[in-house]
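Heads up, the thing below is written out as structure tokens.
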Amino acid sequence: MTVTSAPVRSTPRQAPQAAPRNMARLLWVELRHNAMPLVLPLIAVIFWFDSYRIAATLPPLWNTRLYYILGQGHALLDFAPFVAGVAAWMGSRDTRRGTGDLVTATVRPRWEAQLATWAATVIWAVGAYLVFVAVTLVLLGRPDVWGGLPWWSVAADGVGVAAFASAGFALGASFPGRFITPIAAFAGFFAMGISSQIGFSASGGWALILPTMSTGNFGQDAGIFYQFLPDLPMARVMFLAGIAVTAVGLLGLPVSAGGPRLRRSAAAVTVTGAAAVVAAVALAFTAQVGPYGTVIPALHDAASDRPVPYTPVCGNAGIPVCLQPAYRPYLSDVTTALRPVISQVTGLPGAPVRASQSAAIFATGAALKGLGQIPALGGSPPVLSLPLGAISLPDSFGQDSPSFISQLKVEFVHALVVSGGATYGNPAQQAVEAVLLQNAGIPLAAQPHAIPWPISSGPRQTATYPQPIAAAAQRLAAMPATTRRAWLAAHLPALRAGRLTLGQLP
Amino acid sequence: MTVAGVHQSAPGATPAPVTGQARGWLRLAWLYLVSRRVPAAVALLAGFGALLWVALRWHWSVAGGAAAQMVIPLVTEAGAAAVIAVTTYGPFGEPERATGRWLPYLRLGAAVALTAAAIGALAIGSTGGVLPGGFAAMARNVAGITGVGLLCAAVLGGMLAWTGPMAYLVLTESALAGRVSTPWVWPGRPPLDRGGAICAYLVFAAGLALVTMRGVRESVRDTAT
């Protein structure tokens with residue numbers, strides 16, 4: 001009998017069941033022998049120093065505390081270079097050790113074995129990210145932090161970690177060698193640096209897909225007055241997952257990766273990943289900044305636009321002042337800021353009868369210019385709306401309590417004297433504002449340069465008032481309070497409408 | 507009698523010719539450099555110089571404060587330092603240490619030469635535009651971050667040495683954003699600041715000394731993972 005005459009044996013029945021079990025065993029081996037745990041302590045230190053340490057000093061609002069970590073992508077920046085470098089090391093392992101030919105000749109296809117190593121690397125990296133973020137959220141949430149959490153942004157950065165790990169792994173497998181680890185780490189940091197550059201300077205378009213881009217989608221009053229819109233983070237998940245899938249698929253394309261069927265599967269995976277990347281970028285192009293954040297029509301759920309209900313907390317500044325309870329720590333600062341201005345104008349025509357916090361919104365279109373960005377007077381009887389979320393709160397971004405109070409005084413006086421609030425105001429309005437602010441505790445000499453101003457352009461950027469405005473303000477300030485009040489009672493509506501000139505001031 | 511006790515040639519033995527000795531030295535140095543992949547490292551350093559040139563030529567910068575403005579130059583400096591740190595890994599381990607009596611000099615020479623090459627490459631790259639801080643700051647930063655890498659190589663092993671420069675880069679960016687002004691964050695100090703220079707060159711000297719005298723750590727993981 002020869003081998004050619006021997007009957008063909010049928011495939012053992014248990015083979016299909018054994019394959020997944022073997023794959024699981026291989027994954028377990030790779031998990032135990034993975035290099036990623038070696039750098040996790042280092043990442044933990046960096047994550048603490050770069051992300052948690054700064055966030056812990058910010059006001060107790062999730063959208064503020066997580067602005068740096070998730071909005072500007074620092075959580076991903078802390079992970080990206082290191083997971084990319086270590087993943088490159090794992091990807092280059094077989095070739096680096098000279099065992100590439102050996103493992104290629106084994107019964108298991110090369111791509112399948114690489115998938116086990118890749119999966120173990122990604123599991124370590126993403127698992128560590130989730131643990132670090134969970135611990136950070138627990139620590140930052142003590143004792144009480146207000147607002148909803150941007151879960152989709154957490155997910156997007158997690159997928160970002162997977163994308164950097166996958167790209168690093170593919171680099172390592174494709175260009176094995178000792179230098180591929182620092183090169184992959186360098187590329188990871190460089191990519192995040194360039195992403196930050198584009199994220200800071202761009203205002204929309206494809207750049208919205210970058211995980212460091214916070215413009216128009218993170219901050220303001222998201223999570224407090226309204227929910228974090230998930231549209232853009234969903235597109236980012238698609239984009240970053242597409243990068244990860246493409247990187248993994250590319251590994252299966254070479255002839256050595258496996259048989260034709262396997263390579264066809266790898267090609268399909270690669271095309272699917274690339275399609276996801278392209279689709280995500282295309283979705284970003286369709287994005288528009290709405291009042292509550294960036295809206296992508298194809299992904300938008302109208303339920304996300306529902307405002308978050310709340311019971312306001314109120315104080316007294318001569319008129320009732322009511323805030324969203326998340327802003328309770330700043331109620332005393334707000335009443336302190338409003339009281340000296342209210343005391344000068346209470347009872348005058350157009351003066352507010354109460355102040356109420358409004359949502360700071362994202363949209364900056366012509367129709368919404370100023371609204372939701374700076375305080376404004378509206379309604380009958382007049383109500384002062386205060387979008388505090390658009391102002392840097394005390395202990396955030398270099399702001400302190402006195403500056404916060406000064407800024408509120410300036411913005412309130414501006415809303416009172418200039419109708420609409422979003423324009424700079426004519427010289428007569430500026431002179432009256434200067435007097436009201438002086439009587440509210442900000443000396444004329446300290447204006448206008450020393451106080452924060454809500455409108456970014458205009459002559460307020462100069463160190464002192466122009467001489468005619470300063471002279472008119474000094475004349476008004478020298479008047480007795482009752483005379484000035486009587487003049488304001490008679491002329492405030494005309495002044496607000498911009499119909500008075502500097503020469504018509506007393 | 508064994509060779510273990512022999513410290514000099516037998517009387518009457520023919521001395522090695524001077525030219526042969528020099529050739530032997532050159533060969534030894536070349537073999538050492540090749541075993542550390544120094545030629546590839548030099549090519550990469552040239553690549554970092556080219557990248558810096560392109561970045562300065564086309565004004566790549568990150569909008570923001572001092573930390574953001576320094577990202578591109580600093581990341582190229584850290585990348586160069588990471589490459590230098592990784593060259594310290596040797597594939598021969600114990601046999602090389604037991605037989606290579608000139609090994610400390612070779613380690614020292616290679617590290618110093620590569621650092622000089624990195625500074626030279628980045629100096630050429632800086633002709634593409636205005637480098638923040640100028641040559642003095644760049645040389646100080648490269649030396650200091652390379653020192654971090656060499657210390658990391660001595661502690662963690664050559665293959666993980668790149669983590670030191672990368673970690674220093676991330677921590678420095680964060681510290682600069684938080685306006686930390688300690689001289690240990692030397693990239694944030696003025697170019698001719700004495701404190702920053704002392705710290706940077708001290709770290710470089712410490713890294714050089716450790717790598718020269720002790721070599722890099724032979725991590726079990728270098729071969730096990």
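Residue numbers (my numbering), protein chains in the order written: chain P, 1 to 506; chain C, 507 to 731.
C-beta atoms are modelled at their ideal positions from N, C-alpha and C, and glycine is treated no differently.
Treat the numbers as computed from the prediction; the structure is a model and nothing was measured.
Separation of residue j from residue i, as counted between CA atoms
| i | j | result |
| --- | --- | --- |
| residue 239 of chain P | residue 281 of chain P | 7 Å |
| residue 506 of chain P | residue 314 of chain P | 38 Å |
| residue 433 of chain P | residue 467 of chain P | 15 Å |
| residue 205 of chain P | residue 232 of chain P | 12 Å |
| residue 95 of chain P | residue 397 of chain P | 49 Å |
| residue 631 of chain C | residue 473 of chain P | 57 Å |
| residue 178 of chain P | residue 89 of chain P | 8 Å |
| residue 665 of chain C | residue 63 of chain P | 40 Å |
| residue 607 of chain C | residue 578 of chain C | 41 Å |
| residue 236 of chain P | residue 596 of chain C | 42 Å |
| residue 217 of chain P | residue 328 of chain P | 25 Å |
| residue 455 of chain P | residue 411 of chain P | Any reading at residue 455 of chain P must be qualified, since the residue scores a pLDDT of 49, below 50, and its modelled position is unreliable; the value itself is stated next. C-alpha separation (whole angstroms): 9 Å. |
| residue 444 of chain P | residue 464 of chain P | 9 Å |
| residue 294 of chain P | residue 201 of chain P | 17 Å |
| residue 556 of chain C | residue 586 of chain C | 12 Å |
Buried versus exposed call for residue i [16 or more other C-beta atoms within 10 Å across all chains shown]
| i | result |
| --- | --- |
| residue 716 of chain C | buried |
| residue 483 of chain P | exposed |
| residue 366 of chain P | With a pLDDT of only 44 at residue 366 of chain P, under 50, the local geometry of the prediction cannot be trusted, and the value read off the model is given with reservation. Exposed, because fewer than 16 other Cβ atoms sit within 10 Å of the Cβ of residue 366 of chain P. |
| residue 509 of chain C | Note on residue 509 of chain C: pLDDT 48, under 50, position unreliable in the model; the coordinate value appears next. It is exposed - the Cβ of residue 509 of chain C has fewer than 16 other Cβ atoms within 10 Å. |
| residue 704 of chain C | exposed |
| residue 457 of chain P | Residue confidence for residue 457 of chain P is low, a pLDDT of 47 falling below 50, so the modelled location carries little weight and cannot support an answer. |
| residue 743 of chain C | Residue 743 of chain C is absent from the structure shown; chain C starts at 507 and stops at 731. |
| residue 710 of chain C | buried |
| residue 545 of chain C | exposed |
| residue 151 of chain P | exposed |
| residue 540 of chain C | exposed |
| residue 641 of chain C | exposed |
| residue 285 of chain P | exposed |
| residue 437 of chain P | buried |
| residue 647 of chain C | buried |
| residue 600 of chain C | exposed |
| residue 400 of chain P | exposed |
DSSP three-state assignment for residue i, whether helix, strand or coil
| i | result |
| --- | --- |
| residue 689 of chain C | coil |
| residue 345 of chain P | helix |
| residue 647 of chain C | helix |
| residue 320 of chain P | strand |
| residue 504 of chain P | helix |
| residue 513 of chain P | Since the first residue of chain P shown is 1 and the last is 506, residue 513 of chain P is not available in this structure. |
| residue 720 of chain C | helix |
| residue 487 of chain P | helix |
| residue 71 of chain P | helix |
| residue 654 of chain C | helix |
| residue 601 of chain C | helix |
| residue 529 of chain C | helix |
| residue 396 of chain P | coil |
| residue 294 of chain P | strand |
| residue 227 of chain P | coil |
| residue 142 of chain P | coil |
| residue 222 of chain P | strand |
For residue j and residue i, believed in contact at Cβ under 8 Å, the rounded distance
| i | j | result |
| --- | --- | --- |
| residue 441 of chain P | residue 352 of chain P | Going by Cβ atoms, the distance from residue 441 of chain P to residue 352 of chain P rounds to 19 Å, so no, they are not a contact pair. |
| residue 405 of chain P | residue 336 of chain P | 6 Å |
| residue 431 of chain P | residue 376 of chain P | Not quite, the Cβ-Cβ distance comes to about 21 Å (not below 8 Å), so this is no contact. |
| residue 34 of chain P | residue 124 of chain P | 5 Å |
| residue 651 of chain C | residue 638 of chain C | Not a contact, Cβ separation roughly 15 Å. |
Please identify, using Cβ separations under 7 Å, the residues of the stretch 654-679 of chain C that lie next to chain P, in order along the chain. Cβ contacts with chain P come from 665, 666, 668, 669, 672, 673, 675, 676, 677.
Listed in chain order, which residues of the stretch 28-44 of chain P have Cβ atoms closer than 8 Å to some Cβ of chain C? Of all residues in the stretch 28-44 of chain P, only 33, 34, 35, 38, 39, 42 come within less than 8 Å of chain C when Cβ atoms are compared, listed by chain position.
Members of the stretch 547-561 of chain C that neighbour chain P once the beta carbon cut-off is set at 8 Å: So the close ones are 547, 550.
Near-chain P residues of the stretch 631-643 of chain C (beta-carbon distance less than 8 Å), N- to C-terminal order: Answer set for the stretch 631-643 of chain C: empty.
Quick one: which residues of the stretch 164-185 of chain P get their C-beta closer than 8 Å to a C-beta of chain C? List them in chain order. Within the stretch 164-185 of chain P, the qualifying residues are 177, 178, 179, 181, 182, 183, 185.
In the stretch 44-55 of chain P, which residues sit with their C-beta less than 7 Å from some C-beta in chain C, listed in chain order? Under the 7 Å Cβ criterion, the stretch 44-55 of chain P contributes 46, 49, 50, 54.
Closer than 8 Å between beta carbons: that is the criterion. Which residues of the stretch 80-98 of chain P meet it against chain C? Listed by position, the residues of the stretch 80-98 of chain P near chain C (Cβ gap below 8 Å) are 81, 82, 85, 89, 90, 93, 97.
Chain-ordered residues of the stretch 533-544 of chain C with a beta carbon less than 8 Å from chain P: Identification of residues in the stretch 533-544 of chain C having a C-beta nearer than 8 Å to some C-beta of chain P yields 543, given in sequence order.
To be precise: take each residue of the stretch 580-606 of chain C, compare its Cβ to all Cβ atoms of chain P, and keep it if any distance is under 7 Å. Which residues remain? Listed by position, the residues of the stretch 580-606 of chain C near chain P (Cβ gap below 7 Å) are 581, 585, 588, 589, 592, 595.
Along the stretch 369-401 of chain P, where does the CB come closer than 7 Å to a CB of chain C? Name the residues. Correct list: empty, as no residue qualifies.
Which residues of the stretch 207-231 of chain P have a Cβ closer than 9 Å to any Cβ of chain C? Give them in chain order. Cβ contacts with chain C come from no residue of the stretch 207-231 of chain P.
Which residues, in chain order, does the stretch 188-208 of chain P contribute to contact with chain C at a C-beta distance below 8 Å? From the stretch 188-208 of chain P, only 189, 190, 193, 194, 196, 197, 200, 201 have a Cβ closer than 8 Å to chain C.
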